[in-house]
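What follows is one structure encoded as structure tokens, with my remarks underneath.
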Amino acid sequence: MIQFLARRLLATVPLLFFVSLVVFSFVHVLPGDPAVLFLGEEATPETLAKFRTRLGFDRPLVTQYVEWLGRALRGDLGRSLRTNQPVTEAILQRLPVTLELLGAALAVSLAIAIPAGIVSAVKRNSGVDLASTVFALIGFSLPNFWLGLILIYVFALLLRWLPPSGFAPLPALADNARSLILPALTLGTALAALITRQLRSGMLEVLRQDYVRTAQAKGLGQGVVVAKHALKNALIAVVTVIGLQIGGLLGNTIITESLFALPGVGRLMIDAVFSRDFFIVQGVVLFLAVGYVLSNLIVDVLYSYLDPRIRLG
Amino acid sequence: MRGWVRLVALAIVVVAALPAAAVAQVRGGTIRVGMDADTTTMDPHRSTAAVDRQVYNNVYSKLVDIDARFGIVPQLAQTWEIKGGGLVYVFKLRRGVKFHDGTEFNADIVKWNFDRMRDPELASPRRSEIAPVKDVKVLDPFTVEMTLSSPFAPLLSVLTDRAGMMVSRAAVEKYKDDFARNPVGTGPFRFVEWVKDDHLTLKRFDGYWEAGLPHLDEVVYRPIPDSSVRFTAMRTGQIDIMHQIHPKDVATAKTERGMKVSEIASLWWQGIHLNNQVAPFTTKAIRQAVWYAVDRSVIQRVAYFGSGAPGWGPFPPSMWAQDRDFTDWKRDPAKVKAKLAEGGMPNGFAFTVKGWNQPTQIQELQIVQAELKEVGVDMKIELLEFGKLLADLNSHNFAALRIGWSGRPDPDGNAHVFLHSKGGLNRVRYSNPKMDELLDQARSEGDQAKRKALYAQVTRLAAEDAPYIWLHHDAEVKVWSEHVKGFEHISDGMMRFKGVWLDKR
Chain A
349 MIQFLARRLL ATVPLLFFVS LVVFSFVHVL PGDPAVLFLG EEATPETLAK FRTRLGFDRP
409 LVTQYVEWLG RALRGDLGRS LRTNQPVTEA ILQRLPVTLE LLGAALAVSL AIAIPAGIVS
469 AVKRNSGVDL ASTVFALIGF SLPNFWLGLI LIYVFALLLR WLPPSGFAPL PALADNARSL
529 ILPALTLGTA LAALITRQLR SGMLEVLRQD YVRTAQAKGL GQGVVVAKHA LKNALIAVVT
589 VIGLQIGGLL GNTIITESLF ALPGVGRLMI DAVFSRDFFI VQGVVLFLAV GYVLSNLIVD
649 VLYSYLDPRI RLG
Chain B
823 MRGWVRLVAL AIVVVAALPA AAVAQVRGGT IRVGMDADTT TMDPHRSTAA VDRQVYNNVY
883 SKLVDIDARF GIVPQLAQTW EIKGGGLVYV FKLRRGVKFH DGTEFNADIV KWNFDRMRDP
943 ELASPRRSEI APVKDVKVLD PFTVEMTLSS PFAPLLSVLT DRAGMMVSRA AVEKYKDDFA
1003 RNPVGTGPFR FVEWVKDDHL TLKRFDGYWE AGLPHLDEVV YRPIPDSSVR FTAMRTGQID
1063 IMHQIHPKDV ATAKTERGMK VSEIASLWWQ GIHLNNQVAP FTTKAIRQAV WYAVDRSVIQ
1123 RVAYFGSGAP GWGPFPPSMW AQDRDFTDWK RDPAKVKAKL AEGGMPNGFA FTVKGWNQPT
1183 QIQELQIVQA ELKEVGVDMK IELLEFGKLL ADLNSHNFAA LRIGWSGRPD PDGNAHVFLH
1243 SKGGLNRVRY SNPKMDELLD QARSEGDQAK RKALYAQVTR LAAEDAPYIW LHHDAEVKVW
1303 SEHVKGFEHI SDGMMRFKGV WLDKR
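Chains as they are written, first to last, in our numbering: chain A, 349 to 661; chain B, 823 to 1327.
Next up, the structure:
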């Protein structure tokens, strides 16, 4: 196991190196001059040149890349061009918000999908199955931002149950939860729909297996059979889906955080892209890439727990 | 039951009828401000984002300010004198003004601020704004003399914005580049905390130089980028005043209970840049054909939901320089036909306009597209992200490009940079010696009536040459809760909170 982890972690090094290269080149081939965005349209060519020199943008790209990478390896991702805040500090400040949002969205989607998936598999072709299929179809097709606006309209404006925007940090638990319900629903619905479908087909597959029939023949109750024997095996497909969707979920946090005015990593990044705050963009993307690689590692480890036949090593 | 209702109603009437003065100017409380974007930096000498100025106006005092009628009023400069044919400005400074860090404001500080803005190493965006200032001299501890390289009538109005904001020298020397997150000024509120993209908090500065002000304890800015969500936050009482309401929501806001809406003319203009060095816009008649093809009233009605005013020149209705007698901007298909023939393209032509990928601006372009279609001109719309649009604008990489200008209090700032052949924003490469002469004359003329006459000629010549197709002047709209009192709405759109109070906390 430890050997497996070490090997996997080692394998991520060239991957991250490649990611850093791609990120760096993308940011620098983006049309739009950061100097103009920072100094305004009326800046003279001389002022623009000074600005580029000060930040080292006038040197060859290779030099810039090597220097940036060298510092990044020592944990220094540079400073924001606008506020002079260290990039790592900016990311770490925002991270709790995004992690909480991701966690809540995942919780919401599992809370919806696991019962829905099980019931629609066990009671195949019933009314419940049809309802869950319809939910899955709608949930998956709705654009994120639109769903968010509808939720805000209904729960914040009409019913006044929840705040329309903003983030209440911990330890104010009740306020914190209230501020995350709508964003978590917005972010988690599509995933819930996807997991429901995966779990349903996984369960149908498993329920046809011999060991399930054996378990039923032993006289085990339906609940035990479904929960202990069938669900655990059907979850492998679900874990795979979640692992694959983490990237998409991270991408959607940009929309969700902007819509609900949450101060997370996604919003940090989109603002930085629009203002060409290069060091922030590079830092965030690198950071997200590391997060994505690690989350997939966790998924792999989970496999061996769910199905001991899968041996890592 | 009925009796109770009557009694309560009577009580309400009685309470409502109490004289307003009885509740006037309550001290204390926190105002929550809904913004469209977060502040980018707290250093006014480094800022380029319009949104930054909102917070600055409460943290920094300026040498001078503007009032609701664009009059220049004293702030840190108590009086001023213009001498030497508009070449020398002598400012008498207010005494006893302290920065939030306790240091004293005086003439040395003013000189140091100007030196900082003019330092090429800082690469300050203010540098070009105060370019006409050749020299700043300290005459005595509270008198400053500025010498200009040529007469520049807009100087005072430039000093009502970021260039006139005085920052603490001690704080800049202490924090260096981190001053961007640790601002120190002489304004009514001092900076407390900034959690980026979440909130920025200011607290009352007890040592503020205007006696008895401010009334509020605290100002909290909350950036809520989506306009519908921002408006919902306003309707549900999450915020007390909001910046940038979408035109479609103005009608709803007006019917909402407990909400005040104020709509005044802004300093903005919106329009299409026609590249005067790219065919077919090298031909004046072709530019004029586009000028007469658009119906600006339709744009105002449809894209802006009736708010603001049709735009046909660089000066919005809020400015004294606007020539209200000018009418040659109405849609006229017959003239379009004649102009197309005159330009050698009687059957029309095709071109591409670049624009920002933003709903109102897209709609505006679609209206123009439909109107041009009717006269045989095929306009293709290419939508870009804002940074890319700016890059294309600055590198003259367009035939036509749609963009707006947030405007400046002095008309010079809305016209000279765009219409003068050497103007810093003349990306269309328009050049007419007569126009240059008019603009230079208007800039160095001190008398407003004479300047107005010159700007009327500028408007007419700009319409005749049509290097830009002006389309619209946005309305400046603010929405606030009825509990917010004493808010003065000024065309520059800045929310100055020193005189504001809340009648309910």
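Think of the CB as a built atom: it goes at the ideal place given N, C-alpha and C, for glycine as much as any other residue.
Using a CB distance below 9 Å, no part of the region 626-645 of chain A faces chain B. At the C-beta level, Lys1161 (chain B) and Tyr1114 (chain B) come within 8 Å of one another. Under a 10 Å Cβ-count criterion, Trp1090 (chain B) is classified as buried, with 16 or more other Cβ atoms of the shown protein chains found around its own Cβ. Counting every other CB atom within 10 Å of its CB across the protein chains shown gives Asp930 (chain B) a total below 16, marking it as exposed.
Secondary structure in the region 1144-1204 of chain B: the beta strand (DSSP E) runs of 3 residues or longer, each lying completely within the stretch, are 1172-1178 in chain order. Minimum Cα-Cα distance from Gln1110 (chain B) among the listed residues B:Lys1274, B:Val1197, B:Arg1123, B:Asp937 corresponds to B:Val1197. In the DSSP annotation of this structure, Asp887 (chain B) is not part of any alpha helix (DSSP H); the continuous beta strand (DSSP E) holding it starts and ends at 886-888. By the neighbour-count criterion, in which a residue is buried when 16 or more other Cβ atoms sit within 10 angstroms of its Cβ, Gln570 (chain A) is exposed. For a Cβ distance threshold of 8 Å, residue set Leu497, Ile500, Pro512, Ser513, Leu607, Phe608, Ala609 of chain A lies close to Val1051 (chain B), ordered along the chain. In the three-state reduction of the DSSP assignment, Ile1312 (chain B) falls in the coil class. Residue nearest to Gly850 (chain B) within the set B:Val1041, B:Trp1142, B:Lys996 is B:Val1041 (criterion: CA-CA distance). Going by beta carbons, Ser1049 (chain B) and His1068 (chain B) fall inside the 8 Å limit. Shown in chain order are the members of the region 1199-1221 of chain B whose Cβ falls below 7 Å from a Cβ of chain A: Phe1208, Gly1209, Lys1210, Leu1212, Ala1213, Asn1216.
In the same chain as Ile618 (chain A), and ignoring 5 residues on each side of it, the C-beta atoms closer than 7 Å to its own belong to Ile602, Ser606, in chain order. Beta-bridge annotation (DSSP): Phe1011 (chain B) is paired with B:Arg1026. Short of 7 Å from the beta carbon of Tyr878 (chain B), and not among the five residues preceding or following it, lie these beta carbons of its own chain, in chain order: Pro866, Arg984, Met987.
Exclusion of the five residues before and after Met1081 (chain B) leaves Met1056, Arg1057, Ala1075, Val1301, Trp1302, Ser1303, Glu1304 as the residues of its chain whose Cβ lies within less than 8 Å of its Cβ. Taking a 10 Å sphere around the C-beta of Trp494 (chain A), we find fewer than 16 other C-beta atoms and assign the residue as exposed. Interface residue (Cβ-Cβ distance to chain A less than 8 Å): Glu943 (chain B) is classified as such. Val629 (chain A) and Val994 (chain B) have their C-alpha atoms roughly 27 Å apart. With respect to the C-alpha of Gln1060 (chain B), the residue from B:Arg854, B:Asp1028, B:Glu1286, B:Pro1289 having the closest C-alpha is B:Arg854. In the structure shown, the three-state DSSP call for Asp923 (chain B) is coil.
Between the region 1172-1182 of chain B and the region 1206-1225 of chain B, the count of Cβ pairs shorter than 8 Å is three or higher; the stretches touch.
Scanning chain A for C-beta atoms nearer than 8 Å to the C-beta of Thr862 (chain B) yields Arg430, Thr431, Ser623, reported in chain order. Residue contact with chain A for Ile1046 (chain B): present (Cβ-Cβ distance below 8 Å to some residue of chain A).
Taking the CA atoms as reference points, Ser1129 (chain B) sits about 15 Å from Gln1185 (chain B). Here Arg402 (chain A) is exposed, its C-beta having fewer than 16 other C-beta atoms within 10 Å. Proximity of Arg407 (chain A) to chain B, defined by a Cβ-Cβ separation below 8 Å, is not satisfied. Here Phe386 (chain A) is not near Val445 (chain A), since their CB atoms are 8 Å or more apart.
If you compare the alpha carbons of B:Thr1077, B:Leu1194, B:His1294, B:Val1280 with that of Ser1119 (chain B), the shortest gap goes to B:His1294. In the three-state reduction of the DSSP assignment, Ile543 (chain A) falls in the helix class. Of the residues assessed, Leu547 (chain A) falls on the buried side of the cut-off, its CB having 16 or more other CB atoms within 10 angstroms. Interface with chain A (8 Å Cβ-Cβ cutoff): Thr1054 (chain B) is included.
Under DSSP, the beta-bridge partners assigned to Phe913 (chain B) are B:Trp902, B:Val966. It is roughly 7 Å from the alpha-carbon of Met1141 (chain B) to the alpha-carbon of Pro1233 (chain B). Under the three-state reduction of DSSP, Ala453 (chain A) is assigned to helix.
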